[in-house]
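A.B. asks:
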Amino acid sequence: QQLGITGINRSVEMLATQDALHLVWVAAEGRTLHYTRLDRAGQVQVSADLALGGAHPTSPGLSMSTDGALRLFWTDNPRIPRGLFFARLTPEGQLLSEPLLLSEDEVRVSEYDVACHSDGSLDIFWATEVPAEGGIYHLRILADDQVGEANRLLVGGAG
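Going by this note's numbering, the sequence shown opens with residue 209, and the numbers climb by one from there.
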């Protein structure tokens with residue numbers, strides 16, 4: 209059963225929970241992220257494009273919040289340069305929050321990674337595309353999905 213189409217060399221982000229498998233990928237036309245939820249038998253329960261209002265989303269990431277909401281991360285350039293964004297989703301793929309720019313304004317993000325902690329908090333590390341524009345940054349999202357610690361430059365001139 210075909211779940212959808214993504215562009216060449218684009219990965220699918222997956223998050224397994226007790227009763228479902230959640231998938232997010234960049235849709236083939238490259239202008240939106242697509243969300244699909246499968247049950248334990250592999251049957252499609254939800255399949256929808258996400259209304260994030262971006263331009264060219266890339267690099268989606270997923271984690272689960274302590275309240276059962278999905279946490280979605282991605283990079284996009286709705287207005288140049290490319291930034292790191294965050295939004296909350298229901299398991300049905302409905303937005304619970306408007307997309308939030310996590311990275312610094314006017315700084316191009318090249319990549320990011322997320323560390324999930326047992327208390328529900330997240331440490332997010334992201335790097336600038338051009339080392340002279342910054343380097344490697346860190347910020348923290350609390351268990352209630354609020355920004356607990358704003359962006360802090362960890363390593364200047366690295367990217």
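Using N, Cα and C, we set each Cβ at its ideal position, and we do this for glycine too.
Quick caveat, the model's predicted, so the values are computed rather than measured.
#1: Report the rounded CA-to-CA distance for T266 versus M272, giving the unit in angstroms.
#2: Tell me, which residues are paired with L330 by DSSP?
#3: Kindly list the residues whose CB is nearer than 8 Å to the CB of V317, restricted to its own chain and excluding five residues on each side of it in sequence; keep chain order.
#4: Find the nearest neighbour of L270 within the set R360, L347, E221, judged by alpha-carbon distance.
#5: Can you name the start and end residues of the beta strand (DSSP E) that E221 belongs to?
#6: In chain order, what residues of the same chain have a beta carbon less than 7 Å from the beta carbon of L361, not counting five sequence neighbours either side?
#7: Would L280 and V232 be called neighbours here (beta carbons separated by less than 8 Å)?
#8: Assuming V254 and G301 make a contact with CB atoms under 8 Å, what is their CB distance in whole Å?
#9: V335 bridges to which residues according to DSSP?
#10: Which ranges does the beta strand (DSSP E) cover as unbroken runs of at least 3 residues, wholly within the segment 229–316, from first to last along the chain?
#11: Can you list, in chain order, the residues of its chain whose CB lies under 7 Å from that of D257, leaving out five sequence neighbours each side?
#12: Rounded to whole angstroms, what is the Cα-Cα separation between P339 and R248?
#13: List the endpoints of the continuous beta strand (DSSP E) containing G356.
#14: Going by alpha carbons, who is nearest to V322 out of P299, L347, E306?
#15: If distances are taken between C-alpha atoms only, which option among D313, S219, R245 comes closest to L229?
#16: Can you tell me the Cβ-Cβ gap for L350 and P307, rounded? I've got them flagged as a contact below 8 Å.
C.D. replies: The relevant details are as follows:
#1: One-based indexing of the sequence shown puts residue 266 at position 58. One-based indexing of the sequence shown puts residue 272 at position 64. Roughly 20 Å between the two C-alpha positions.
#2: In the sequence shown, residue 330 corresponds to position 122, counting from 1. C324, I349.
#3: To locate residue 317, count along the sequence shown from 1; it is residue 109. Excluding positions up to five away in sequence, the list reads T283, P289, R290, G291, L292, S311, W334, A335, T336, E337.
#4: Looking up residue 270 in the sequence shown gives position 62. That would be E221, whose Cα lies nearest to the Cα of L270.
#5: As a first step, residue 221 is located in the sequence shown; it is residue number 13 there, counting from the start. For E221, the uninterrupted beta strand (DSSP E) run begins and ends at 221–224, by DSSP.
#6: The residue given as residue 361 occupies position 153 in the sequence shown. Result list for L361: G342, G343, Y345, in chain order.
#7: As a working mapping, residue 280 is identified with position 72 in the sequence shown. As a working mapping, residue 232 is identified with position 24 in the sequence shown. Yes, these two residues count as a Cβ contact at 8 Å.
#8: Here residue 254 is taken as the residue at index 46 of the sequence shown, counted from 1. Here residue 301 is taken as the residue at index 93 of the sequence shown, counted from 1. Right, the Cβ-Cβ distance comes to about 5 Å (below 8 Å), so this counts as a contact.
#9: If you number the sequence shown from 1, residue 335 lands on position 127. The residue you asked about is not Val; residue 335 is Ala in the sequence shown. Among the bridge pairs identified by DSSP, A335 is matched with E319, I344.
#10: Entirely contained in the segment 229–316, the beta strand (DSSP E) runs reaching 3 residues are, in chain order, 241–247, 252–257, 266–272, 278–284, 291–297.
#11: Residue mapping note: residue 257 aligns to position 49 of the sequence shown, counting from 1. So the qualifying residues of the chain are A235, T240, H242.
#12: Taking the sequence shown and counting its residues from 1, one reaches residue 339 at position 131. Taking the sequence shown and counting its residues from 1, one reaches residue 248 at position 40. Rounded to whole angstroms, the separation of the alpha carbons of R248 and P339 is 44 Å.
#13: Here the question's residue 356 lines up with position 148 in the sequence shown. Judged by DSSP secondary structure, G356 falls within the beta strand (DSSP E) whose first and last residues are 355–364.
#14: Sequence index remark: in the sequence shown, residue 322 carries index 114 (1-based). Closest option to V322, Cα to Cα, is L347.
#15: What you label residue 229 is simply residue 21 of the sequence shown in a count that begins at 1. Minimum Cα distance to L229 is reached at R245.
#16: Sequence index remark: in the sequence shown, residue 350 carries index 142 (1-based). Sequence index remark: in the sequence shown, residue 307 carries index 99 (1-based). 18 Å between Cβ atoms; not a contact.
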